[in-house]
Amino acid sequence: MDCIFCKIARNEIKTEYVYEDSEVIAFNDIKPQAPAHIIVIPRKHIEKPDDLNKDNSRIMQKLYNAALKIVELKKLTTDGYRVVLNCGKNAGQEVAHIHMHILGGRKFAWPPG
Ligand code: 5GP
Ligand code: ZN
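Each residue of the sequence shown is one higher than the last, beginning at 3 in this note's numbering.
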């Protein structure tokens, strides 16, 4: 699959993992939007949140379990953090491989821009 995040998952693009298990990996965003900006992905390619269904949506639980470990590891729970899923054009999804952003280390505006 010619997909940047699949290549990171296959170790074809060398990237240090912040977290990994048999189904999920996480790594620092290459263009961080906050002091902490971590991307959490399934190893298996799923294009976007719309493609989740009753057969594959359990991966979201796995992604969130990983996120909980990462926010502990990065000590983000005291001051808070944001979890983001961009879905499609209007949300600015650039990489067509489902991913969770974890952002922390600064205050975030609401509503988002
Ligand atoms: P999206 O806009 O699709 O929700 O977010 C994709 C994110 O992946 C962006 O924040 C972008 O900086 C990050 N990203 C894109 N390519 C790479 C890469 O090759 N390595 C890493 N570590 N992050 C990437
Ligand atoms: Zn992919």
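Here a beta-carbon is modelled for each residue, glycine too, at the ideal position from N, C-alpha and C. Here the structure is a predicted model, which is why all the values come from computation and not from measurement.
Remark: the shortest separation between the CB of Phe29 and any heavy atom of the ligand ZN does not fall under 6 Å.
DSSP places Val85 in the uninterrupted beta strand (DSSP E) bounded by 83 to 86. Residue pairing from DSSP leaves Gly90 without any beta-bridge partner.
Straight-line measurement puts the Cα of Val86 at about 14 Å from the Cα of Asn92. With contacts defined as CB atoms closer than 7 Å, Cys5 and Lys50 fail to qualify as a contacting pair. Per the coordinates, the alpha-carbon of Phe29 lies some 26 Å from the alpha-carbon of Asp57. Per DSSP, the unbroken beta strand (DSSP E) holding Ala38 starts and ends at 38 to 44. Cβ-Cβ distances below 8 Å link Ile15 to Ile6, Lys9 in the same chain, with the five nearest sequence neighbours on each side left out; the list follows chain order.
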